[in-house]
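Just so we're aligned: 271 in the working numbering is position 270 of the sequence shown, and the numbers increase by one with no gaps anywhere.
Comments concern the structure below.
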Amino acid sequence: MEARFGLDGGAMFGIIPRPLWERTNPADAQNRIDMACRCLLVEYPDRNVLVDCGIGSKWSQKERGIYNINAQDTALTEALNARGLSPADIDDVILTHLHFDHVGGASEFAGEGDAQRVRATFANARHWVQRRNWAWANGPSARDGGSYRPIDFTFFETQADAPPLELVDGIAEIMPGIEVLPMHGHTFGMQVLKITTAEHTFAYVADLIPTTSHMRDPYVMGYDIQPLVTVEEKRGLLYEASRNDWILIFGHDPSTSFARVELDKRGRPSAVPLDIDF
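In C-alpha cells:
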C-alpha cells in the first residue's frame with residue numbers, strides 16, 4: 002500500500018444515499034471515507050513491473066489536510082525494499098490512468114528552492130498508458146480537470162532525461178501474461194489489467210470498481226464522466242470474473258486487496274475476500 006487518504010463519501014458513491022454507503026464505509030467529520038492507494042508489483046525472471054504508483058509526495062500541507070493524506074511519502078520505496086528492490090530496479094510502470102491518486106508517485110521533487118525540479122521516480126522504467134487517456138489528461142473537461150495534475154505527468158515531455166513513455170492503442174498484450182483492457186466510464190482511456198499466471202487469472206480493476214462496496218450496478222462514483230458506461234463495463238467484467246474464477250485486485254479498498262466474485266440468487270455480485278500471500 003502506497004498511501005492512505007480520504008475522499009468525500011458522497012462523491013465516491015454518487016446517487017447512493019449516505020445511510021446505505023456508510024454501513025460499509027464510515028465517514029469522518031468532514032464526510033471523507035478511508036481510501037487506500039494500492040500498487041501491484043509483478044515480478045518476472047528478467048523484469049520488475051509496477052502497476053500504478055499512488056498519490057506521491059508532491060503535496061502542500063494544505064492539500065494534505067484536504068485529502069487527509071498520510072503514511073505515504075516513503076511507503077512505496079519501503080515496500081519495494083522489503084522485496085529486495087529499489088525504484089531503480091523497476092523496468093516497467095503500467096499506469097491505469099493519469100488521475101493524481103494513480104500517477105502521483107511516478108515523479109518526485111529533487112533539489113531545493115529555485116533549483117527544485119520534478120524528476121522521475123522510476124528513472125529506468127518504461128511507462129505505459131493508453132493514448133486516449135494521455136490525450137484527455139492533457140486537455141480534460143472542466144468537470145474532471147481537478148483529477149489531473151499536470152505536475153504528475155508533464156515531466157515526460159519537459160525533462161530531457163525523462164524515461165520512455167509508451168502510448169497504447171486499445172486492447173493489447175503489452176508483455177507476456179499482461180493484457181490491458183480500456184474502459185471509458187470513469188475517464189476516457191482508463192485501462193484494467195488482466196494478468197494471467199499458471200495458477201490464476203487476476204484483474205486489477207482500478208477505478209472501475211474502486212472498493213468492494215462498488216460491486217453492484219448503481220454504486221458508481223460521482224467522479225465518473227460516463228456513469229452509464231461504467232455500469233455496462235462493470236457488468237461485463239464481473240460476468241467474466243464470476244464465470245472464469247478471476248481474482249479481483251482492488252486499488253482503493255482500505256482493507257481488501259484480493260477477492261473472488263460471488264453471485265447471489267438474483268445474480269447480484271459481491272466480493273469474497275481472499276488472504277493471499279505471495
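The beta carbon of each residue, even a glycine, is placed where N, CA and C say it ideally should be.
This structure is a prediction, so every number in the text was calculated from the model and none was measured.
Euclidean distance between Cα positions of residue i and residue j
i      : j      : result
Arg144 : Ala12  : 13 Å
Thr213 : Arg150 : 27 Å
Val221 : Val232 : 7 Å
Ser87  : Cys38  : 19 Å
Trp247 : Gln117 : 45 Å
Thr198 : Glu79  : 26 Å
Gly140 : Arg132 : 13 Å
Ala121 : Ser148 : 20 Å
Leu240 : Ala161 : Just to set this straight, residue 240 is Tyr in the shown sequence, not Leu. Taking the straight line from one Cα to the other gives about 45 Å.
Phe203 : Gly66  : 34 Å
Given residue i as reference, the closest of the options once Cα atoms are compared
i      : options                       : result
Ala207 : Tyr224, Asp276, His103, Met2  : His103
Gly224 : Leu275, Gly15, Asp53          : The sequence given here has Tyr at residue 224, not Gly. Comparing Cα positions, the closest option is Gly15.
Leu166 : Asp90, Glu174, Phe157         : Phe157
Gly146 : Gly106, Gln117, Gln192, Leu99 : Leu99
Asn134 : Thr78, Asp254, Asp170         : Asp170
Met300 : Gly186, Glu234, Ile17, Thr257 : The chain is shown only over 2 to 279; residue 300 falls outside these bounds and no answer can be derived.
Buried versus exposed, by CB contacts within 10 Å (16 or more), residue i
i      : result
Val273 : exposed
Leu264 : exposed
Asn252 : Residue identity differs from the one stated: residue 252 is Gly in this sequence, not Asn. Label assigned to Gly252: buried.
His201 : exposed
Ala89  : exposed
Asn245 : exposed
Proximity below 9 Å, CB of residue i to CB of residue j
i      : j      : result
Val230 : Leu168 : no
Pro164 : Ala124 : yes
Glu109 : Ile56  : no
Pro183 : Met191 : yes
Ile277 : Leu41  : no
Asn71  : Arg24  : no
Val119 : Ile91  : no
Gly112 : Leu77  : no
Query raised in the report: Can you list, in chain order, the stretches of the alpha helix (DSSP H) that have 4 or more residues and sit fully within the segment 142 to 197?
Result: 156 to 159
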